[in-house]
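Peer 1: I'd like to ask some things about the structure below.
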Amino acid sequence: MKPHKQIKDWGLGLTTPLIIAGPCSAETPEQIEQICKEMKEENMVPQLFRAGIWKPRTRPGSFEGVGEEGLKWMEIVRHHLNIPITTEVGNASHVEIALKHKVDVLWIGARTTVNPFAVQEIAEALRGVDIPVMVKNPMNPDLELWMGALERMYAVGIEKLAAIHRGFSDAYDKRFRNKPNWSMPIHLKRQWTGMEVINDPSHIVGRRDGLLEVAQSAMNFGLDGLMIETHHDPDKAWSDAKQQVTPARLKEMINSIDFKESLEAMQPDEKLQDLRRAVDHLDDQLLDILQERFAVIDQIGAHKREHHLSVFQSDRWKDVMESRTQKGVAKHLSEKFMKELLYCIHEESVKRQEKQLREGEALKK
2 MKPHKQIKDW GLGLTTPLII AGPCSAETPE QIEQICKEMK EENMVPQLFR
52 AGIWKPRTRP GSFEGVGEEG LKWMEIVRHH LNIPITTEVG NASHVEIALK
102 HKVDVLWIGA RTTVNPFAVQ EIAEALRGVD IPVMVKNPMN PDLELWMGAL
152 ERMYAVGIEK LAAIHRGFSD AYDKRFRNKP NWSMPIHLKR QWTGMEVIND
202 PSHIVGRRDG LLEVAQSAMN FGLDGLMIET HHDPDKAWSD AKQQVTPARL
252 KEMINSIDFK ESLEAMQPDE KLQDLRRAVD HLDDQLLDIL QERFAVIDQI
302 GAHKREHHLS VFQSDRWKDV MESRTQKGVA KHLSEKFMKE LLYCIHEESV
352 KRQEKQLREG EALKK
């Protein structure tokens, strides 16, 4: 992946971990002014102030943002806090209006990221513009869509890039509004070297309790900042009231978080190097064992081919899954991990045996 400009190089005086705060939606100039006043009083001024101007809702009829008028109110933030501002854009018209009002940073929301046509429209509107853009993950856990949206921005010359992790829709997990699925932002950082990912615990949890826990997890996983929705009177907010916090609570949360040092920015000490070498050695052993296991699987496949046996045998698979999972749990490995591991190994085993059968059929012809 081509090099891009990281947050510290955006020319806005920002650093990581980046703290972004502000209301879900700009509602009135008085609201913006009161939030700024309380942030200043609490000595909890974020590095970047956020507010939604256009609010796409699932169904029409609810509050959908104040539109361009709200961007005029954002001058209040510059006057009182002297910090840059950011808002969400969903189409080329939004981009044009935001640029006219000199918004410092844009972000693309989850509902937009899921649609490559909309992302490309925004990208074309930004062609040749020097402005930072942050891209939220799509609603569903699709890494290719997330990467694709960032790549579309880069392709038109946007080099100041970051991602926002706001979780993924999951109808079965009631603990979260959007399930965090921590592997996704980690995979993104692995695939795009240097890509910084800001965590949005407000949209992951969907309510005030649990925000701190998710924010701490984000720091533990090595993410690069937090976007937390902040309102002077959260219960009366016009949108997403349940997940917003007061500036005072924001301060308590930030002061409670253990912000981790990034190993990417420092040299690991000798003890950590030794432990990593031990892991490397164990990984080599694991690969050797897997190689031996699949060599036996190949023999099983050849045997089944010779005796006209089917590849999949449900009773055997059920026994392997249950017995190995129990053994793993007894060795303090999680049941979820054991099942996922066994499914992966089983899938590869079935593929290898099926290949043996196809090769046998080819020899007969």
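In our numbering, each number is its position in the sequence shown, counted from 1, plus 1. Think of the CB as a built atom: it goes at the ideal place given N, C-alpha and C, for glycine as much as any other residue. Just so it is clear, the structure is predicted and the values come from calculations on it, not from any experiment.
Within a Cβ cutoff of 6 Å, which residues of the same chain sit near Arg-35, ignoring the five residues on either side of it in sequence?
Peer 2: Per the sequence shown, residue 35 should be read as Gln rather than Arg. Counting only Cβ-Cβ distances below 6 Å, and skipping sequence neighbours, we find His-233.
Peer 1: Closest to His-102 by CA distance: which of Lys-9, Ser-240 and Ile-86 is it?
Peer 2: Selected option, being the one with the closest Cα: Ile-86.
Peer 1: Alpha carbon to alpha carbon, how far is Ile-199 from Glu-145? Give it in angstroms, no decimals.
Peer 2: Distance between the alpha carbons of Glu-145 and Ile-199 is about 18 Å.
Peer 1: Once DSSP output is grouped into helix, strand and coil, what is the label at Lys-207?
Peer 2: The residue asked about is misnamed: residue 207 is Gly in this sequence, not Lys. The answer is coil: DSSP assigns Gly-207 none of H, G, I, E or B.
Peer 1: Taking C-beta to C-beta, are His-81 and Lys-137 nearer than 8 Å?
Peer 2: No, the Cβ-Cβ distance between His-81 and Lys-137 is not below 8 Å.
Peer 1: Under 8 Å between the Cβ atoms of Thr-16 and Lys-9?
Peer 2: Contact flag set, yes.
Peer 1: In whole angstroms, what is the alpha-carbon distance linking Asn-44 and Glu-69?
Peer 2: The alpha-carbon atoms of Asn-44 and Glu-69 are separated by roughly 29 Å.
Peer 1: Specify the secondary structure class of Val-46 as computed by DSSP and reduced to three states.
Peer 2: Note: Val-46 maps to coil in three-state DSSP.
Peer 1: Spatial neighbours of Glu-336 within its chain, please: C-beta separation below 8 Å, excluding the five flanking residues on both sides.
Peer 2: Excluding sequence neighbours, Glu-336 sits near Thr-326, Gly-329 and Val-330.
Peer 1: Can you check whether the CB of Pro-24 is closer than 8 Å to the CB of Ala-242?
Peer 2: The answer is no: Cβ separation not under 8 Å.
Peer 1: Taking 8 Å as the threshold (C-beta atoms), are Met-196 and Ala-172 in contact?
Peer 2: No, Cβ-Cβ distance for Ala-172 and Met-196 is not below 8 Å.
Peer 1: By Cβ distance, which residues of its chain are closer than 8 Å to Gly-168, with the 5 residues on each side in sequence left out?
Peer 2: Correct list, in chain order: Asn-138, Phe-177, Arg-178, Asn-179, Lys-180, Pro-181, Asn-182, Asp-201, His-204 and Ile-205.
Peer 1: Rounded to the nearest angstrom, what separates Leu-72 and Ala-99 at their Cα positions?
Peer 2: One C-alpha to the other measures close to 7 Å.
Peer 1: Can you find the residues in the same chain that come closer than 6 Å, C-beta to C-beta, to Met-322, ignoring five residues on each side of it along the sequence?
Peer 2: Counting only Cβ-Cβ distances below 6 Å, and skipping sequence neighbours, we find Leu-343.
Peer 1: Tell me whether Leu-212 sits in a helix, a strand or coil according to DSSP, three-state version.
Peer 2: Three-state result, Leu-212: helix.
Peer 1: Look up Lys-161 in the DSSP assignment and give the residues it is bridged to.
Peer 2: Lys-6.
Peer 1: Based on Cα-Cα distance, which residue from Lys-252, Asn-92, Asp-285 and Thr-59 lies nearest to Glu-122?
Peer 2: Measuring from the Cα of Glu-122, the nearest candidate turns out to be Asn-92.
Peer 1: Let me make sure I understand the geometry here. Which of Arg-79, Gly-149 and Gln-217 has the alpha-carbon closest to that of Asn-116?
Peer 2: Comparing Cα-Cα distances from Asn-116 to each of Arg-79, Gly-149 and Gln-217, the minimum goes to Gly-149.
Peer 1: What is the C-beta distance between Glu-89 and Gly-110, in whole angstroms, given that I count them as a contact (C-beta under 8 Å)?
Peer 2: With a Cβ gap of about 5 Å, Glu-89 and Gly-110 count as contacting.
Peer 1: Nearest CA to the CA of Ile-187: which residue from Pro-30, Gly-302 and Ser-218?
Peer 2: Ile-187 has its Cα closest to that of Ser-218, out of Pro-30, Gly-302 and Ser-218.
Peer 1: Tell me, please, which residues DSSP counts as bridged to Thr-88.
Peer 2: DSSP output for Thr-88 lists Leu-107 as bridge partner(s).
Peer 1: Kindly list the residues whose CB is nearer than 8 Å to the CB of Gln-314, restricted to its own chain and excluding five residues on each side of it in sequence; keep chain order.
Peer 2: Excluding residues within five positions, none has a Cβ falling inside 8 Å.
Peer 1: Short of 8 Å in beta carbon distance, which residues of its chain neighbour Ile-84, apart from the five on each side in sequence? Order them along the chain.
Peer 2: Around Ile-84: Val-46, Pro-47, Gln-48, Leu-49, Phe-50 and Val-78.
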